[in-house]
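Participant:
In the working numbering, the protein residues as written are 1478 to 2034.
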């Protein structure tokens, strides 16, 4: 509860100092108080009879008011109140715009306006409004371009212009406009390269340049240009290696260096160079181990160390070293467990622990240890159930819980417990159904929904319920058909469509005529051949087209 407003009479008790008044108050209360004070000051300045409110003092008061709106927006953003943050930032921007119009030659007012556009763009992006975010970032970029044209030698303006190009590129990438994103990132990189050439000793500019190489590498990787991506990731890594050698005690440089190893490892793994990927991931793990030894209380570094163990486990599993993979995953789980014990209310740590249980369960299942796998999956499921109970509206927690039911069902099916598997799959299906009803346009959730239908169809087929299996498979096929129509270039949707076609074609029931079964095989084969032509059919599925052709041959097609 706030104190009632005081009158104009002199207080009868000593007035506490600002520090004493602020003690124990939440940060948002202090920020709101600052805003109220700024509003009052702005009103007083505007009401000055001598017109001084329109002078330097009045401008400074308006500037302070704009900054107060921004601080409130920052706090609202941190609390997840995106609508409130947007409103606050827009109020701050309106003031910044008035100042910039009042004195167009004032570079600082122009800069403040560009930052306001960036803040609003950040909120739009967090809300999923990519078009709005792009518009805001481009407005900021245009202001910074004019500042650079006005003063080309100003390194600060040049650096901020490079940031604007990167922000625009981020949105273009999120929109799927990879060519546009690549161009934006390349413009940003060129600016940063010139800054580094001007002052090679500026470590922050060196770091900016390494980040640009990463961003370009990310786009090239998404475009399928793995060689180009690897070249850029290695260029960024070399900059970071030099920074680590220059300042071995600078934790940020070592942290960035570990990220470069991860990025390179990801590309090598995609290229099939598992040995090279393992070496890169191990180098990353070693950097992160050094960071955690330097500051064992840094939860972020501990979490990333756990992820490094998981990445190494992924490669070991792909190499067939299941014992090594299990050991790596267990090391990652132990770190995740310690983080949860340190902060039981941290939902992200809880989520990470559930993922570790899943990874261990996957490995145990591959080893044939179905009892161990079931125990691991159930441990992950229990964590996710608690997360959903704590926050029922959190879609990611719901989706993860649905996936856990599917994993438990997979093991139960492998153990021959078809009734238990059916119960688990239906529990996952019900969650997936609610998610798709909440947002029918969410393609990933639609994909999950189709997968649960297929799994239920598998169990019903195994139980001899051909009619039930036919119904489930057809629902799954229809969902996947709509997904492919929405995005024909999506490799996973095309692969899933082929799976549904295969499952239906294998049902020998009068309700599914032979001609329809042949048509399903042809449709699935066409999807797989399209992926082969685009070189998007993964190595483990290269034999699938031949299986479809053989089935068609046996049906006399």
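Using N, Cα and C, we set each Cβ at its ideal position, and we do this for glycine too.
This structure is a prediction, so every number in the text was calculated from the model and none was measured.
(1) Using C-beta distances below 6 Å, list every residue in its chain close to residue 1735, excluding the 5 sequence neighbours before and after it, in chain order.
(2) Excluding the five sequence neighbours on either side, which residues of its own chain have a C-beta within less than 8 Å of the C-beta of residue 1772, listed in chain order?
(3) Taking all protein chains shown into account, decide if residue 1709 is buried (16 or more other Cβ within 10 angstroms of its Cβ) or exposed.
(4) Where residue 1716 and residue 1683 are concerned, what is the direct C-alpha to C-alpha distance, given to the nearest angstrom?
(5) Could you tell me how far apart the beta carbons of residue 1924 and residue 1899 are, in whole angstroms, since I believe they sit closer than 8 Å?
(6) Is there a Cβ from chain E that is less than 8 Å from the Cβ of residue 1818?
(7) Note down, in chain order, each residue of its chain lying with its Cβ closer than 6 Å to the Cβ of residue 1890, except the 5 sequence neighbours on either side.
(8) Where does the unbroken alpha helix (DSSP H) through residue 1604 begin, and where does it stop?
(9) Would you call the CB atoms of residue 1597 and residue 1563 closer than 8 Å?
(10) Measuring alpha carbon to alpha carbon, tell me which of 1755, 1647, 1640 ends up nearest residue 1789.
(11) Alpha helix (DSSP H) containing residue 1761: first to last residue?
(12) Could you say which of 1995, 2017, 2010, 1662 lies nearest to residue 2027 if we only look at CA atoms?
(13) With DSSP collapsed to three states, give me the class of residue 1725.
(14) Spatial neighbours of residue 2017 within its chain, please: C-beta separation below 7 Å, excluding the five flanking residues on both sides.
(15) Helix, strand or coil for residue 2011, going by three-state DSSP, please let me know.
(16) Could you give the residue range of the alpha helix (DSSP H) that holds residue 1809?
(17) If you reduce the DSSP assignment to three classes, tell me which class residue 1629 lands in.
(18) Compare the beta carbon distance of residue 1645 and residue 1698 with 8 Å and say whether it is the shorter of the two.
(19) What are the start and end residues of the alpha helix (DSSP H) that includes residue 1977?
(20) So the candidates are 1671, 1677, 1659, 1676; which of them puts its Cα closest to the Cα of residue 1693?
(21) Which residue wins for smallest C-alpha separation from residue 1642, given the options 1664, 2007, 1630?
(22) Given this structure, state the Cα-to-Cα distance separating residue 2024 from residue 1946, to the nearest angstrom.
(23) Is it right to say residue 1723 is buried, meaning 16 or more other beta carbons lie within 10 angstroms of its own, or is it exposed?
(24) If we require 3 or more residues per run, which beta strand (DSSP E) segments fall completely within the segment 1891–1935?
(25) Using the Cα positions of residue 1536 and residue 1572, report the straight-line distance between them to the nearest angstrom.
(26) Do residue 1826 and residue 1832 count as a contact pair if the criterion is CB distance below 8 Å?
(27) Who are the Cβ neighbours of residue 1510 in its own chain at under 7 Å, not counting the five residues just before and after it?
(28) Could you say which of 1657, 1671, 1677, 1649 lies nearest to residue 1631 if we only look at CA atoms?
(29) Which same chain residues, not among the five before or five after residue 1944, have their C-beta less than 8 Å away from its C-beta?
(30) Leaving out five residues before and five after residue 1800 in sequence, what residues of the same chain have Cβ atoms less than 7 Å from its Cβ?
(31) Under 6 Å Cβ to Cβ from residue 1973, same chain only, skipping five residues before and after it: list those, please.
(32) Once you ignore the five residues that flank residue 1651 on each side, which residues in its own chain have a CB closer than 6 Å to its CB?
Facilitator: Well, looking at it:
(1) Position 258 of the chain shown, counted from the start, is the residue given in the question as residue 1735. Counting only Cβ-Cβ distances below 6 Å, and skipping sequence neighbours, we find 1761, 1764, 1765.
(2) As a working note, residue 1772 is residue 295 in the chain shown. Closer than 8 Å at Cβ, skipping near neighbours: 1728, 1778.
(3) Here residue 1709 is taken as the residue at index 232 of the chain shown, counted from 1. It is buried - the Cβ of residue 1709 has at least 16 other Cβ atoms within 10 Å.
(4) Translated into positions along the chain shown, residue 1716 becomes position 239. Translated into positions along the chain shown, residue 1683 becomes position 206. The alpha-carbon atoms of residue 1716 and residue 1683 are separated by roughly 7 Å.
(5) Position 447 of the chain shown, counted from the first residue, corresponds to residue 1924. Position 422 of the chain shown, counted from the first residue, corresponds to residue 1899. Actually they are not in contact, since the Cβ atoms of residue 1924 and residue 1899 sit about 21 Å apart, beyond 8 Å.
(6) The chain labelled as chain E is not found in the depicted structure, where only one protein chain is given.
(7) For the purposes of this step, residue 1890 is taken as residue 413 along the chain shown, with counting starting at 1. Correct list, in chain order: 1898.
(8) Here residue 1604 refers to the residue found at position 127 when the chain shown is read from its first residue. The continuous stretches of alpha helix (DSSP H) do not include residue 1604, and DSSP gives it neither H nor E.
(9) Taking the chain shown and counting its residues from 1, the one referred to as residue 1597 is at position 120. Taking the chain shown and counting its residues from 1, the one referred to as residue 1563 is at position 86. It is a contact, given that the beta carbons lie within the stated cut-off.
(10) Taking the chain shown and counting its residues from 1, the one referred to as residue 1789 is at position 312. Answer by Cα proximity: 1755.
(11) As a first step, residue 1761 is located in the chain shown; it is residue number 284 there, counting from the start. Here the alpha helix (DSSP H) through residue 1761 covers 1751–1771.
(12) Counting from one through the chain shown, the residue named residue 2027 turns up at place 550. Taking only the C-alpha atoms, the option nearest residue 2027 is 1995.
(13) Here residue 1725 is taken as the residue at index 248 of the chain shown, counted from 1. In the displayed model, residue 1725 falls within coil according to three-state DSSP, outside both helix and strand.
(14) As a position in the chain shown, residue 2017 is number 540, starting the count at 1. Beyond the five residues adjoining it in sequence on each side, residue 2017 comes within less than 7 Å, by CB distance, of no other residue in the same chain.
(15) Here residue 2011 is taken as the residue at index 534 of the chain shown, counted from 1. The answer is coil: DSSP assigns residue 2011 none of H, G, I, E or B.
(16) Position 332 of the chain shown holds residue 1809. Under the DSSP assignment, residue 1809 falls in the alpha helix (DSSP H) whose first and last residues are 1799–1819.
(17) Walking along the chain shown from the start, residue 1629 turns up at place 152. DSSP places residue 1629 in coil when its eight states are reduced to three.
(18) The sequence position of residue 1645 within the chain shown is 168, counting from 1. The sequence position of residue 1698 within the chain shown is 221, counting from 1. The answer is no: Cβ separation not under 8 Å.
(19) By 1-based counting over the chain shown, the position of residue 1977 is 500. Residues 1968–1982.
(20) Working through the chain shown from its first residue, we reach residue 1693 at position 216. Looking at 1671, 1677, 1659, 1676, the one whose alpha-carbon comes closest to that of residue 1693 is 1659.
(21) In the chain shown, counting from the first residue as 1, residue 1642 sits at position 165. Of the listed residues, the one whose Cα sits closest to residue 1642 is 1664.
(22) Here residue 2024 is taken as the residue at index 547 of the chain shown, counted from 1. Here residue 1946 is taken as the residue at index 469 of the chain shown, counted from 1. Cα-Cα distance, rounded: 22 Å.
(23) In the chain shown, counting from the first residue as 1, residue 1723 sits at position 246. Residue 1723 comes out exposed.
(24) The beta strand (DSSP E) runs of length 3 or more contained entirely in the segment 1891–1935 do not exist; there are none.
(25) Within the chain shown, numbered from 1, the residue matching residue 1536 stands at position 59. Within the chain shown, numbered from 1, the residue matching residue 1572 stands at position 95. If you take the alpha carbons of residue 1536 and residue 1572, they lie about 10 Å apart.
(26) In the chain shown, the residue the question calls residue 1832 occupies position 355. In the chain shown, the residue the question calls residue 1826 occupies position 349. Cβ atoms of residue 1832 and residue 1826: not closer than 8 Å.
(27) Taking the first residue of the chain shown as position 1, residue 1510 is located at position 33. Residue placement at residue 1510 is poorly supported in this model, since its pLDDT is 48, which falls under 50; the coordinates are not used for a value here.
(28) Along the chain shown, read from residue 1 onward, the residue named residue 1631 stands at position 154. Minimum Cα distance to residue 1631 is reached at 1671.
(29) In the chain shown, counting from the first residue as 1, residue 1944 sits at position 467. For residue 1944, where only same-chain residues beyond five positions count, the Cβ hits under 8 Å are 1986, 1988.
(30) Here residue 1800 refers to the residue found at position 323 of the chain shown. A distance below 7 Å between beta-carbons, with the five flanking residues on each side excluded, links residue 1800 to no residue of its chain.
(31) Position 496 of the chain shown, counting from 1, holds the residue named residue 1973. For residue 1973, where only same-chain residues beyond five positions count, the Cβ hits under 6 Å are 1957.
(32) Translated into positions along the chain shown, residue 1651 becomes position 174. Around residue 1651: 1607.
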